[in-house]
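Just below is one structure, and these are the notes that go with it.
Numbering (the working numbering), first residue to last: 18 to 560.
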């Protein structure tokens, strides 16, 4: 399975491997020192203590093999669509292996030679340890939101493992939030009601103070996910935002694509997906031709035509309805930079592609590409459900899908993603998203909260114009609206009521305020703000 280098083509092992993690009580991170790649201990597990083996020591040898070569060997045991993705996965797999999907260690223990920051060399033996993971994904299907997922399971499980080993307090907070009737009552400041999904903070740099939101996963209810992002972004400086999706294995595709609108005044066009044309995908779409479940009807005509045309792939259509990508509109109006790495997969690939395709802002990569796994992923269990009918469901007569023994499962990239806008038609799967700028991680980044990375991101935000646009709309007698607008650095305002254009007004960029009377009223008002003929800000409010 790993030989096909596709993160979405997986065999998921049954018990006792499912839900079990083999691990070493530390994590290894790569950085650049003196122009060369070095491998240092980025953190140790809660409860582990040693007088010399601490965060910051440099790994030299791994079981007698030079560490760089050991990482190469580990990379060969992991799938990955490009060299940087394989290297990142090999590095993560050195110390954490979810046994449902990752190869178990061959050795019973690991002998590590390391150099302390004082220059002394030591050796230490670590036995492989085993623990349970908080959840054991990959079970028997279910058709709720399973058909909307794009997730690299191994990266997601390693993130779960790191929270368990290095930040167990996050697991406890997540459990309390899930049980609370009002999660907002349990948080203060920049704490998130979704601590396993978001981490928000202000970062002070030499270029100014900006907001930073780390998105660990897109595995969340899409509407709640977007609402929490908006809440956190509103608490941060409005002069610039760093959105950080490193190590994010993906999640629900709708969550990623619905979030894009919050960061731009432009209308969002969701990425498009397509099936491969086979008799089995034709049968699949015929079994689900309309509302009331999974609607695969848009792809059906082109798959039928392929008998005559010989087309390899179906026509492409969005998974996320365009109206859901544009029903909220822009909520953060400052400049935005996106940080990516080679462990960005699936929904995160799709989110990064949409970010770039819509010109939301620059992408800063710590690697030269994302993971290049942008696809919709389905399990064998889900396909088994989709080839069943009736209640209780029974397999259709021609179904090739049978239950696998002992709870085993498989995953496959069922629909590949195509980009939109200036990159329309380019595949996300296998190609990924190339960042606009690069930053090589430093020792200070690994040990001191990504300080150099934040400086680099801040340099991309500094000097960019900050546009603001807000308004109140007050109904007047006779069915009119009085709109009071506050703005910065805009020279034109266009007014819409319930989606219909009502007025366009040239304004003084230095005036900062305007009052406009509209002859109609309605349920929603939208104002688009322009500067030198370009759309730069937008705001909509319900009346």
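Cβ atoms here follow ideal geometry from the backbone N, Cα and C, with glycine treated the same way.
Between residue 130 and residue 291, the CB-CB gap reaches or exceeds 8 Å. Runs of the beta strand (DSSP E) spanning 3 or more residues and lying entirely within the segment 117-151 occur at 126-132, 138-144 and 146-149, in chain order. Taking C-alpha positions only, residue 326 is separated from residue 43 by approximately 55 Å. Assigned with DSSP and collapsed to three states, residue 261 falls in strand. Counting along the chain, no beta strand (DSSP E) covers residue 34, and no H or E run does either.
When the alpha-carbon of residue 524 is set against those of 335, 35, 535 and 549, the nearest one is in 549.
DSSP assignment within the segment 221-286 yields the following whole alpha helix (DSSP H) runs of 4 residues or more, N-terminal first: 239-252 and 270-276. Per DSSP, reduced to three states, the secondary structure at residue 103 is helical.
In terms of Cβ geometry, residue 70 and residue 141 form a close pair [threshold 8 Å]. A check of alpha carbon separations from residue 399 across 106, 418, 392 and 390 identifies 418 as the nearest. In this structure the segment 449-458 touches the segment 387-399; the number of beta carbon pairs closer than 8 Å is three or more.
Beta bridge pairing from DSSP links residue 544 with 512 and 556. Look at the beta carbons and you see the segment 460-477 not touching the segment 522-542: under three pairs across the two are nearer than 8 Å. From the listed residues 65, 33 and 85, the smallest Cα separation to residue 57 is found for 85. Going by DSSP, residue 46 is part of no alpha helix (DSSP H) but of the beta strand (DSSP E) stretching over 43-50. Assigned with DSSP and collapsed to three states, residue 532 falls in strand. Below 8 Å, enough C-beta pairs join the segment 228-236 and the segment 201-217 to call them touching: three or more. In the three-state scheme derived from DSSP, where H, G and I count as helix and E and B as strand, residue 418 is classed as coil. In this structure residue 228 touches residue 253 by the C-beta definition: roughly 3 Å separates them, less than 8 Å. By the Cβ test, the segment 278-289 is in contact with the segment 332-342, since at least three Cβ pairs between them sit closer than 8 Å. For residue 169, the three-state secondary structure derived from DSSP is coil. Collapsing the DSSP output to three states places residue 427 in a strand. Counting C-beta pairs closer than 8 Å gives fewer than three between the segment 328-337 and the segment 409-418, which falls short of the contact rule. Within 10 angstroms of the beta-carbon of residue 501 lie fewer than 16 other beta-carbons, which makes it exposed. Cβ neighbours of residue 423 within its own chain (closer than 8 Å, five residues either side excluded): 31 and 32. Residue 128 counts as exposed, since fewer than 16 other beta carbons sit within 10 angstroms of its beta carbon. Rounded to whole angstroms, residue 552 and residue 366 show a C-alpha spacing of 26 Å. If you draw a 10 Å sphere on the C-beta of residue 195, you find fewer than 16 other C-beta atoms in it, and that means exposed.
A straight line joining the alpha-carbon of residue 137 with that of residue 52 spans about 22 Å.
A contact between stretches requires three or more CB pairs, one per stretch, nearer than 8 Å, and the segment 72-87 fails this requirement with the segment 479-491.
Distance from the CA atom of residue 348 to the CA atom of residue 393, rounded to whole angstroms, is 28 Å.
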